[in-house]
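See structure below.
In the numbering used here, the protein residues as written are 203 to 241.
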């Protein structure tokens, strides 16, 4: 997920007086490698 998408959504929610909840980034790093790999 791109940082810009989260920031844009957050701004839109704030302007509309809507609650914003962002749980987590997920298991992929900026380099495209999986970070939350379970074996």
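Beta carbons: idealized from backbone N, C-alpha and C, even for Gly.
Please read these numbers as outputs of a predicted model, since none were measured by experiment.
Along the alpha helix (DSSP H) that carries residue i, what are the first and last residues, could you check?
{"i": "residue 208", "result": "205-217"}
When the Cα atoms are used, what is the spatial distance from residue i to residue j?
{"i": "residue 229", "j": "residue 237", "result": "5 Å"}
{"i": "residue 206", "j": "residue 212", "result": "10 Å"}
{"i": "residue 231", "j": "residue 210", "result": "20 Å"}
{"i": "residue 214", "j": "residue 222", "result": "9 Å"}
{"i": "residue 233", "j": "residue 219", "result": "35 Å"}
{"i": "residue 261", "j": "residue 235", "result": "Nothing in the structure corresponds to residue 261, since the chain is present only between 203 and 241."}
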